[in-house]
DNA sequence: TGGCCCAAAATTGTATACAAACAAGACCGG
DNA sequence: CCGGTCTTGTTTGTATACAATTTTGGGCCA
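Below, the structure is given as structure tokens:
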């Protein structure tokens, strides 16, 4: 973990991007989306505080926020751990995604204007660049975030917030339960989705999204696994 | 505000029901569901701390949790306020309910066993008793909570947590935007829903739920209003 | 070698002190 | 009287101190 990068995180916060706790929250979510932080990882308050250069007060606020999203589990008197979703929870998360993402997709296809199209295409370009550059972690994160960008395009804050949590939790689930080593979302699926959405072909986009989610879920083997644990200072702030 | 009642809240926490912050969070949600706490009400840390007999640390944790659910808005350097949902947010909340509650209802109808039926009937009995006794506040709260009990019966934690937030936010929305003074959910609708769910008639229950939600939403007039403000100590711990 | 016990170290839970920022009231001038 | 400025009081943001709990390591015994 390079101290310079975590200072960048803090500067972003000073930049009216939100409080320090929110910045740490975002950075930890980023680490999870990039699959650097795995299920069961202990997030000690002093350790996290040392990494980001803040007191435990700020760390506790960040951890509470993460716990509220189901991404971290806080056990009384024992500390905070990256969540280890059960098979049941995994099924529930994907079921919720199969419920909400077609609705988001349909909305996005209906309201998508030039700015929305530009945002989607820019995101797609970022995904492709990460893939081309062999930056697996960024590619994985961007592929998850693509879904959240759709919700932002749809302009529906309630759905967006819910989906943001579902996507972060999906990242943990995929890390635990996936069969293949491949990136879970295929860029060409995202490409086709973008084209359908931008063209306002809602029904087609919805069908594609449904298939896309089914495919992600089919790649999961919903049985229990164990994960190795790495030192926190290698994983955060990255 | 009777000190005895808030001590009861604290004892419930000591009873492995969760931390003190969680108990305060629950009590504030309860006050909102009972429409004792209206949109825009300031929740000062010291004031809330005095009411519940805790330090600001615990209050801040409770307020953060409420803010995460969209029930309270924390403005930097200005304090925490009960949320005042906009017309757009109101529409989004009800749209999300129209998406998720039929799914919950269908699930509940599929899995409802004898214990589930007993839970639903007990809840319904409580609603009817509150109505009969003229306890409007309890009746309003129980009618909102009925929807969350359905989610619990469905045994789907992701849906349940999401719906819990939506129902609390709905309470604020209804207080702000309703046309009529009547209780927003009619008990006979809940009665009919329970019978269909318990009998496993999923499609019928789903249709009823959809109509029920449409009816609630039709009773809202989605234009901006202002609300009078009452002293906090009259409203919390109730 | 494994299990148990105990003391010390580490960590979490929480209150409180201090700094920073905002709100309210007083004062002054036009 | 009204508006602007300044001062004071209040509240929020955050670190730190202290209490409570858990974890770890060492010693002892079968």
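Residue numbers (the numbering used here), protein chains in the order written: chain A, 1 to 238; chain B, 1001 to 1238. C-beta atoms are modelled at their ideal positions from N, C-alpha and C, and glycine is treated no differently.
Within-8 Å CB hit, residue i to chain A
{"i": "residue 1146(B)", "result": "no"}
{"i": "residue 1092(B)", "result": "yes"}
{"i": "residue 1103(B)", "result": "yes"}
{"i": "residue 1055(B)", "result": "no"}
{"i": "residue 1123(B)", "result": "no"}
{"i": "residue 1162(B)", "result": "yes"}
{"i": "residue 1032(B)", "result": "no"}
{"i": "residue 1233(B)", "result": "no"}
{"i": "residue 1100(B)", "result": "yes"}
{"i": "residue 1068(B)", "result": "yes"}
{"i": "residue 1089(B)", "result": "yes"}
{"i": "residue 1096(B)", "result": "yes"}
{"i": "residue 1180(B)", "result": "no"}
{"i": "residue 1126(B)", "result": "no"}
Simplified DSSP assignment, three categories, for residue i
{"i": "residue 42(A)", "result": "strand"}
{"i": "residue 153(A)", "result": "helix"}
{"i": "residue 35(A)", "result": "coil"}
{"i": "residue 1113(B)", "result": "coil"}
{"i": "residue 1202(B)", "result": "helix"}
{"i": "residue 1236(B)", "result": "coil"}
{"i": "residue 1143(B)", "result": "helix"}
{"i": "residue 49(A)", "result": "helix"}
{"i": "residue 86(A)", "result": "coil"}
{"i": "residue 135(A)", "result": "coil"}
{"i": "residue 1105(B)", "result": "helix"}
{"i": "residue 1210(B)", "result": "helix"}
{"i": "residue 27(A)", "result": "helix"}
Segment limits, beta strand (DSSP E) that includes residue i
{"i": "residue 80(A)", "result": "79 to 82"}
{"i": "residue 74(A)", "result": "72 to 75"}
Residues that residue i bridges to, as DSSP identifies them
{"i": "residue 100(A)", "result": "Bridge partners of residue 100(A): none, in fact."}
{"i": "residue 1220(B)", "result": "1178(B)"}
Chain B within 8 Å of residue i, Cβ atoms only
{"i": "residue 157(A)", "result": "yes"}
{"i": "residue 10(A)", "result": "Low confidence applies to residue 10(A): its pLDDT is 46, below 50, so where it sits in the model is not reliable, and the reading given next is rough at best. So, not an interface residue."}
{"i": "residue 35(A)", "result": "no"}
{"i": "residue 170(A)", "result": "no"}
{"i": "residue 61(A)", "result": "yes"}
{"i": "residue 220(A)", "result": "no"}
{"i": "residue 65(A)", "result": "yes"}
Unbroken alpha helix (DSSP H) run spanning residue i, endpoints
{"i": "residue 194(A)", "result": "187 to 198"}
{"i": "residue 1057(B)", "result": "1056 to 1068"}
Distance cut-off 7 Å: residue i Cβ against heavy atoms of the ligand SAM
{"i": "residue 1086(B)", "result": "No copy of the ligand SAM occurs in the structure displayed, which carries no ligand at all."}
| field | the region 124 to 134 of chain A in contact with the region 169 to 181 of chain A per 3-pair CB rule at 8 Å | value | By the criterion of at least three beta-carbon pairs nearer than 8 Å, the region 124 to 134 of chain A is not in contact with the region 169 to 181 of chain A.
| request: Check whether the region 1138 to 1151 of chain B touches the region 1034 to 1041 of chain B, counting contact only when three or more Cβ pairs, one atom from each stretch, lie closer than 8 Å. | output: With the cut-off at 8 Å, the region 1138 to 1151 of chain B and the region 1034 to 1041 of chain B touch.
| Cβ contact (3+ pairs, closer than 8 Å) linking the region 201 to 218 of chain A and the region 106 to 119 of chain A | In short, these stretches touch, since the Cβ pair count reaches three.
| query | For the region 115 to 128 of chain A against the region 62 to 70 of chain A, are there 3 or more C-beta pairs whose distance is under 8 Å? | reply | Judged by Cβ distances under 8 Å, the region 115 to 128 of chain A makes no contact with the region 62 to 70 of chain A, as fewer than three pairs qualify.
| message | Can you confirm whether the region 1146 to 1162 of chain B touches the region 1094 to 1106 of chain B when touching is taken to mean that 3 or more C-beta pairs between the two stretches lie within less than 8 Å? | response | With the rule of 3 Cβ pairs closer than 8 Å, the region 1094 to 1106 of chain B counts as touching the region 1146 to 1162 of chain B.
| message | Does the structure place the region 1160 to 1167 of chain B close enough to the region 1182 to 1196 of chain B that three or more beta carbon pairs sit under 8 Å? | response | They do not touch, by the three-pair rule.
| query | Below 8 Å, can you find three or more Cβ-Cβ pairs linking the region 1039 to 1058 of chain B to the region 1072 to 1090 of chain B? | reply | Pairwise C-beta distances place the region 1039 to 1058 of chain B in contact with the region 1072 to 1090 of chain B, as three or more of them are shorter than 8 Å.
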